[in-house]
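First comes the structure, then the notes that go with it.
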Amino acid sequence: MSVLTGRDDHLRRRRFVNRVMELLAWLAAALAVAILGIVIFSVAKKGLSQLNLDLFTKPLQLYGTGPQGLANAFVGSLIIVGIATAMALPVGILIAIYVNEYAHGAVRNSVRLTLDVLAGVPAIVIGFFVFELIVVGHQQSGYAAGFALAVLMLPLVSRSTMEVLALVPDSLREAALGVGAPRWRTTLGVVLPQTIGGVLTGAVLAVARVAGETAPLLFTSSLVASGMQYNPAKPLLTVPLAIYELTDSDNPSDYARAWAGALVLILFILFVSLTARWLATRSRRKIQRAGR
Amino acid sequence: MTSLDVSPDAARRPFSGRRMHLGDLILQGLAGLAALGSLVLVGLIAWKVIQGSRLALSTFGLPFIWHVAWDPVHNQFGAGSFLFGTVVTSVAALVIATPIAIGIALFLSELAPRGIRGPVTALVETLAAIPSVVIGLWGLLVLAPVLRDDVDPALHSALGFIPLFGKASYGSNVFTAIVVLTIMILPIIASISRELYLGVPPELKEGAIALGTTRWEMIRGVVFPYTRGGVAAAMILGYGRAIGEAIAVALVIGSFTGISANIFKPGNTLAAWIAQNYAGLPSALALSSLIYFALILLVFSILVNLLAQFIVRRSARAQGLTR
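Protein sequences appear in the order of chains A and B.
Mind the numbering: the first sequence is residues -10 to 281 in the working numbering, read in order.
Mind the numbering: the second sequence is residues 2 to 324 in the working numbering, read in order.
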């Protein structure tokens, strides 16, 4: 009898430990969701009241008077992220093609390792690198900032492209080569079109990631003239940098503008991530169909 | 986000020894050039950062790393206190974030009911996508006042006998930076760990359950040992992120250039100090010293990354042997 109750206690304790651990895991997940909720709620609450037409039509001016917005920051961010995408996307795809379709053994591994190392380099170090490479002796510019963001995008784009290229079934390659298509036409005409959705997903996520980066812009595009600026050969204001600079102010209305900028940035990133998710499910279905 | 190779590497080169076409030559040439370009790029980054810090390197040498000074008037610079701040904040953030992240990953891979698994996974990934400047803004204007008024004094009165939890008076302090960094690396470690947990062969898990283990005992006995290497690598990657984070930390850590055990005092880190001082540096030596900081961060990040890769590869090999 006593033996049996002892066993019962033992089982009860094991079940109790199990219950506690499961509860802790639930709590951890709830905590993450709660943090996200609180951050987004704070930004929305403080930013919404500032979302007006002036924000999108009037530039941010240091020591300026009258109604101010962030128009120059939005324009600058679009231009710089556009430049970065135009540089990183083709090169990233080419690297992925090389690694996945051409390279062997050690070469392949060393390129992958290089991309991993590049992905791990802190953004602020990239900023100094571009500063030393381009800005010293010349001047800060939208091009320099775009290049810095492109360096950050490159490993993201090529890694995601590699992942979708690896999903394309070999039967497709074999079929194309079997009817006599040369390797390059197989790659560009048959394999790559299958991956368009996945490549776009990766590109879009990379855009979302670098659009919020501030650190690489500090040394490459921070000396900004007042007023609108569309010329990427000159330094351009960006949304993250504007937020960073506005927090340094003593003026409460500047904080309000920082929140508004943060809200627009978050909305943009949420929109882009959702688009990416949608593209990803679509392209996965397409590749699966092609494999059959 | 940085990610690890969790899926087995699929080699796709069944066709070799074919006649080279001109088109092949061009495509392979361009692609190879791009790949070579990435190698050159990493080399160039190292070279340029070393070049930029050469003045500080030749003036102060290696002792710069542990020398505690930032005195533009007497041209005395050192990384000591900043390195201290970097190590304290990143290690503390890692220690706090890891168990929570593992809990999240277990929830998403083992516990969550079907209906909420997808949405919660998406939310955790969204948390990772929030820009550091927004987290920093929130940390400065929302989190820091709450910590200053409620959390810091409570911790001080409960644990004040430990020097770490000294008297609190500022909202911008090392502890706030630790909380912000924890929030930033949490989703990184959680999402990599989740993928690893999902990759544990179901027959192993079912075997354990069939032997009569509870779910937690199965996790401890099967899931944790199977994914140990990968989770360690995920922690290392999160740690690398915490070391290099500049903007969010710059906004919430205050600005103090000394060493203090009290985490409720302002402090600083290498990356944050760069972000706070990028404009209006007093001298070429000061700029060069900041780039020396970047060099320390670069070396740190490369070592951290190589270590993570090494661990992943070793544990993948070990799994290949036992399976």
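Virtual Cβ for every residue (Gly too), placed ideally from N, Cα, C.
Quick caveat, the model's predicted, so the values are computed rather than measured.
Given 8 angstroms, three or more beta-carbon pairs between the stretch 9 to 19 of chain A and the stretch 99 to 112 of chain B: Enough Cβ pairs lie closer than 8 angstroms, so yes.
Counted within 10 angstroms of its Cβ, other Cβ atoms place B:Thr127 as buried (16 or more) or exposed: Position 126 of the second sequence, counted from the start, is the residue given in the question as residue 127 of chain B. That one is buried.
The stretch 134 to 167 of chain B: positions lying closer than 8 angstroms to chain A by Cβ: Residues of the stretch 134 to 167 of chain B with a C-beta atom less than 8 angstroms from some C-beta of chain A are Val134, Val135, Ile136, Gly137, Leu138, Trp139, Leu141, Leu142 and Val143, listed in chain order.
Of the residues B:Arg115, B:Leu307, B:Phe311 and B:Val313, the one placed nearest A:Ala108, counting alpha carbons only: Locating residue 108 of chain A in the first sequence gives position 119, where the first residue counts as 1. Checked all of B:Arg115, B:Leu307, B:Phe311 and B:Val313; the closest Cα to A:Ala108 is B:Leu307.
Own chain, CB closer than 7 angstroms to A:Ser66, minus 5 neighbours either side, in chain order: The count along the first sequence starts at 1 and reaches residue 66 of chain A at position 77. Ala200, Thr227 and Val228, listed in sequence order.
Sequence-distant residues of its chain with Cβ nearer than 7 angstroms to A:Thr46 (five each side left out): Within the first sequence, the letter at position 57 stands for residue 46 of chain A. Closer than 7 angstroms at the Cβ level, and outside the excluded window around A:Thr46, lie Gly58 and Ala60.
Nonlocal neighbours in the same chain, by C-beta distance under 7 angstroms from B:Met2, ignoring five residues either side: What you label residue 2 of chain B is simply residue 1 of the second sequence in a count that begins at 1. Only weak support is given to the placement of B:Met2: the predicted model assigns it a pLDDT of 41, under 50, and the question is left unresolved by the model.
Status (buried if at least 16 other CB within 10 Å, exposed otherwise) for A:Gln128: Position 139 of the first sequence, counted from the first residue, corresponds to residue 128 of chain A. A:Gln128 counts as exposed, since fewer than 16 other beta carbons sit within 10 angstroms of its beta carbon.
Rounded separation between B:Ser261 and B:Trp67 - CA only: Start at 1 with the first residue of the second sequence, and residue 261 of chain B comes out as number 260. Start at 1 with the first residue of the second sequence, and residue 67 of chain B comes out as number 66. Straight across, the Cα-Cα distance linking B:Ser261 with B:Trp67 is about 15 angstroms.
As assigned by DSSP and simplified to three states, the class of A:Asp239: Against the first sequence, residue 239 of chain A aligns to sequence position 250. Look at A:Asp239 here: in three-state DSSP terms it is coil, with no helix or strand label.
B:Thr87 beta carbon less than 9 angstroms from that of B:Ala272: In the second sequence, counting from the first residue as 1, residue 272 of chain B sits at position 271. In the second sequence, counting from the first residue as 1, residue 87 of chain B sits at position 86. If you check the CB distance, B:Ala272 and B:Thr87 come in under 9 angstroms.
Inter-residue spacing [alpha-carbon to alpha-carbon] between A:Tyr132 and A:Ser149: Taking the first residue of the first sequence as 1, we reach residue 132 of chain A at position 143. Taking the first residue of the first sequence as 1, we reach residue 149 of chain A at position 160. C-alpha separation (whole angstroms): 25 angstroms.
Neighbour list for A:Val33 in chain B, Cβ cutoff strictly below 9 angstroms: Your numbering for residue 33 of chain A matches position 44 in the first sequence. Residue 33 of chain A is actually Ala in this sequence, not Val. Correct list: empty, because the minimum Cβ distance to chain B is about 11 angstroms.
Near-chain A residues of the stretch 69 to 100 of chain B (beta-carbon distance less than 9 angstroms), N- to C-terminal order: Of all residues in the stretch 69 to 100 of chain B, the ones placed with a Cβ closer than 9 angstroms to any Cβ belonging to chain A are Pro100, in chain order.
Assigned secondary structure, B:Trp67 (DSSP; H/G/I helix, E/B strand, else coil): Start at 1 with the first residue of the second sequence, and residue 67 of chain B comes out as number 66. If DSSP states are grouped into helix, strand and coil, B:Trp67 belongs with coil.
Neighbourhood of A:Tyr233 by C-beta, 7 angstroms cutoff - its chain only, sequence neighbours within 5 removed: Residue 233 of chain A sits at position 244 when you count from the first residue of the first sequence. The answer, listed in chain order, is Thr203.
Nearest-angstrom Cβ-Cβ length linking B:Ile248 and B:Val175, presumed shorter than 8 angstroms: For the purposes of this step, residue 248 of chain B is identified with residue 247 of the second sequence, where counting begins at 1. For the purposes of this step, residue 175 of chain B is identified with residue 174 of the second sequence, where counting begins at 1. About 17 angstroms separates the two Cβ atoms, so there is no contact after all.
Cβ neighbour criterion (16 or more within 10 Å) applied to B:Gly116: Looking up residue 116 of chain B in the second sequence gives position 115. By the neighbour-count definition (other C-beta atoms within 10 Å, threshold 16), B:Gly116 is an exposed residue.
Beta-carbon gap between A:Ala155 and A:Asn89 smaller than 9 angstroms: As a first step, residue 155 of chain A is located in the first sequence; it is residue number 166 there, counting from the start. As a first step, residue 89 of chain A is located in the first sequence; it is residue number 100 there, counting from the start. A distance below 9 angstroms separates the beta carbons of A:Ala155 and A:Asn89.
Any C-beta of chain B under 9 angstroms from that of A:Tyr87: Along the first sequence, read from residue 1 onward, the residue named residue 87 of chain A stands at position 98. Yes, contact with chain B.
Under 7 angstroms by beta carbon: chain A residues contacting B:Leu128: The residue given as residue 128 of chain B occupies position 127 in the second sequence. Identification of chain A residues near B:Leu128 by a Cβ-Cβ cut-off of 7 angstroms yields Ala21, Ile24 and Leu25, ordered along the chain.
Coarse secondary structure for A:Ser(-9), derived from DSSP in three states: Along the first sequence, one-based indexing puts residue -9 of chain A at 2. Bear in mind that the predicted position of A:Ser(-9) carries a pLDDT of just 47, short of 50, making it too unreliable to give a figure here.
Three-state secondary structure (DSSP) of B:Phe402: Residue numbering for chain B in the displayed model covers 2 to 324; residue 402 of chain B lies beyond these limits and cannot be assessed.
When B:Val250, B:Ala70, B:Asn278 and B:Thr270 are compared against B:Thr183, the one with the closest alpha-carbon: Here residue 183 of chain B corresponds to residue number 182 of the second sequence, with the count starting at 1. Among B:Val250, B:Ala70, B:Asn278 and B:Thr270, the Cα nearest to that of B:Thr183 is on B:Val250.
is_contact[A:Arg174, chain B] using C-beta, thresh 9 angstroms: Counting from one through the first sequence, the residue named residue 174 of chain A turns up at place 185. Taking Cβ atoms only, chain B reaches closer than 9 angstroms to A:Arg174, which makes this a yes.
For B:Gln77, three-class secondary structure by DSSP: The residue labelled residue 77 of chain B in the question sits at position 76 within the second sequence. Strand, per DSSP.
Option in B:Ala47, B:Ile264 and B:Leu282 with minimal Cα separation from B:Asp72: Here residue 72 of chain B refers to the residue found at position 71 of the second sequence. Selected option, being the one with the closest Cα: B:Leu282.
First through last residue of the alpha helix (DSSP H) which encompasses B:Gln29: What you label residue 29 of chain B is simply residue 28 of the second sequence in a count that begins at 1. Leu23 to Gly53 is the extent of the alpha helix (DSSP H) around B:Gln29.
Exposure of A:Arg278, with buried meaning 16 or more beta-carbon neighbours within 10 Å: Taking the first sequence and counting its residues from 1, the one referred to as residue 278 of chain A is at position 289. Looking at its Cβ environment, which holds fewer than 16 other Cβ atoms inside 10 Å, A:Arg278 is exposed.
A:Ile113 and B:Ile179 closer than 9 angstroms at C-beta: Working through the first sequence from its first residue, we reach residue 113 of chain A at position 124. Working through the second sequence from its first residue, we reach residue 179 of chain B at position 178. No. Outside cutoff.
Sub-9 angstroms separation of B:Val181 and B:Leu144 beta-carbons: On the second sequence, position 180 is the one that residue 181 of chain B refers to. On the second sequence, position 143 is the one that residue 144 of chain B refers to. Yes.
Short CB-CB distance (under 9 angstroms) between A:Pro105 and chain B: Locating residue 105 of chain A in the first sequence gives position 116, counting from the first residue. The question names Pro, yet the displayed sequence has Asp at residue 105 of chain A. Chain B has a Cβ within less than 9 angstroms of the Cβ of A:Asp105.
Min CB distance B:Arg216 to chain A below 9 angstroms: On the second sequence, residue 216 of chain B is found 215 positions in, with the first residue counted as 1. It does; some Cβ of chain A falls within 9 angstroms.
Contact under 9 angstroms by Cβ, A:Ala95 with A:Met142: Residue mapping note: residue 95 of chain A aligns to position 106 of the first sequence, counting from 1. Residue mapping note: residue 142 of chain A aligns to position 153 of the first sequence, counting from 1. In terms of Cβ geometry, A:Ala95 and A:Met142 do not form a close pair [threshold 9 angstroms].
8 angstroms CB neighbourhood of A:Arg174 in its chain, flanking five on each side removed: Here residue 174 of chain A is taken as the residue at index 185 of the first sequence, counted from 1. If we look at A:Arg174 and ignore the five residues flanking it on each side, its Cβ neighbours are Ala165.
Nearest neighbour of B:Ser256, chosen from B:Leu124, B:His157, B:Ser173 and B:Ala169 [CA to CA]: Working through the second sequence from its first residue, we reach residue 256 of chain B at position 255. It is B:Ser173.
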